[in-house]
Amino acid sequence: MLLDLLHWLTLPAPLAARRLGYVGDSVRLASRSRRCRRAWAPHLAAAKDAVRAAMRDLPRCDTAVVLGSGLLDDVPIDDLAAAFRRVVLVDAVHPWRGRWRARRHPNVVRLVHDLSGTRDLLLGRSEAFGPVLPPACREADLVVSANLLSQLPIRPVARLEAAVRIGPWTDPDAFGHRIVAAHLDALAELPARICLVTDRDETEENRDGQVIERLDLLYGVDPGPAPRAWDWVLAPFGEEARDRRLVHRVAAWPDWRPA
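Positions 121 to 379 (the working numbering) are the ones given, in order, by the sequence shown.
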């Protein structure tokens, strides 16, 4: 608990990221990843393998951009740094663990960016939103959306549910759908190879294997058939409840394009 508080207090982050809850989310994610290291290991290995597959046979390896770089648990940063002249890590918050893992590579740079496109809307500065990817994406040979797609709507939808109305939005499901679809639309416009890794649904199970609840994490948006898929035990038994666990179904496209 004290470690989490220290992390929260010392983490460099824009004031808007603190106000919108992204710093707290980053701290809690780092804490859970430590507690669930063993349960998460197969997922993290599979996600890294998907990125490595995306790196193969590229005609040019000048710039790679990682959207949602976070802790870099699921990103083979050493491989990327060795293969590309420049690697750009993009996230709303760059936690200490990700910073430490990247610091040994002088060709790796960090960029703070609102990838959901909702910051100004949530802060009351605008009634419109849309993801504006950083200019580096236009110059990149490889763009990785790293376990990001299902995360983008979480904070905005929660704020809408609490506030009832944000700008023109009153329907949380429609809001979540718009955020997810907009990210895929933005990726589809890029000339780079796109590596998309995302969890698609969440299943709550009891110890007998019975499904208690299932959630569509992408709000009805379908990125298409995935060449790779696996289960991620996000919260093993005892993490959130003694007799319940949360399992996410993850899909990966080393070379994603819209159907």
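The C-beta atom is built at its ideal place from N, Cα and C for all residues, glycine as well.
CB of residue i within 8 Å of CB of residue j, strictly
{"i": "Leu191", "j": "Gly218", "result": "yes"}
{"i": "Arg364", "j": "Asn326", "result": "yes"}
{"i": "Lys168", "j": "Pro196", "result": "yes"}
{"i": "Leu304", "j": "Pro378", "result": "yes"}
{"i": "Val210", "j": "Ser189", "result": "yes"}
{"i": "Val228", "j": "Val207", "result": "yes"}
{"i": "Trp352", "j": "His163", "result": "yes"}
{"i": "Ala159", "j": "Pro356", "result": "yes"}
{"i": "Leu370", "j": "Thr318", "result": "The residue asked about is misnamed: residue 370 is Val in this sequence, not Leu. Contact: yes."}
{"i": "Arg275", "j": "Leu140", "result": "yes"}
{"i": "Glu359", "j": "Arg148", "result": "no"}
{"i": "Asp193", "j": "Ser146", "result": "no"}
{"i": "Ile299", "j": "Leu241", "result": "no"}
Given residue i as reference, the closest of the options once Cα atoms are compared
{"i": "Gly250", "options": "Arg223, Val213, Val208, Phe295", "result": "Phe295"}
{"i": "Trp373", "options": "Ser151, Arg348, Leu354", "result": "Arg348"}
{"i": "Ala184", "options": "Leu280, Leu310, Arg245, His303", "result": "Leu310"}
{"i": "His368", "options": "Arg334, Gly358, Cys257", "result": "Arg334"}
{"i": "Leu200", "options": "Leu135, Leu243, Ala222, His214", "result": "Ala222"}
{"i": "Val264", "options": "Val341, Pro273, Val277, Leu316", "result": "Leu316"}
{"i": "Ile87", "options": "Tyr142, Asp321, Arg172", "result": "Outside the shown range of the chain (121 to 379) lies residue 87, about which nothing can therefore be said."}
{"i": "Arg224", "options": "Leu337, Met175, Asp198", "result": "Asp198"}
{"i": "Gln330", "options": "Ala306, Leu307, Asp336, Leu366", "result": "Leu366"}
{"i": "Asp321", "options": "Ala174, Asp342, Asp291, Glu259", "result": "Asp342"}
Helix, strand or coil at residue i according to DSSP, with G and I counted as helix
{"i": "Arg176", "result": "coil"}
{"i": "His368", "result": "strand"}
{"i": "Ala165", "result": "helix"}
{"i": "Ser236", "result": "coil"}
{"i": "Ser270", "result": "coil"}
{"i": "Asp293", "result": "helix"}
{"i": "Val195", "result": "coil"}
{"i": "Gly144", "result": "helix"}
{"i": "Gly218", "result": "helix"}
{"i": "Pro246", "result": "First, the amino acid is wrong: residue 246 is Ser here, not Pro. If DSSP states are grouped into helix, strand and coil, Ser246 belongs with coil."}
{"i": "Val171", "result": "helix"}
{"i": "Val300", "result": "helix"}
{"i": "Glu309", "result": "coil"}
Residues bridged to residue i [DSSP beta-bridge criterion]
{"i": "Arg206", "result": "Thr183"}
{"i": "Arg230", "result": "Leu209"}
{"i": "Trp373", "result": "Leu316"}
{"i": "Ser265", "result": "Leu187, Leu316"}
{"i": "Ile286", "result": "Trp289"}
Any chain B beta carbon closer than 8 Å to residue i
{"i": "Ala294", "result": "Annotation note: the requested chain B is absent from the structure, which comprises a single protein chain."}
Which runs of the beta strand (DSSP E) spanning at least 3 residues fall entirely within the segment 314-366, listed in chain order? List check, beta strand (DSSP E) in window: 331-336, 348-355.
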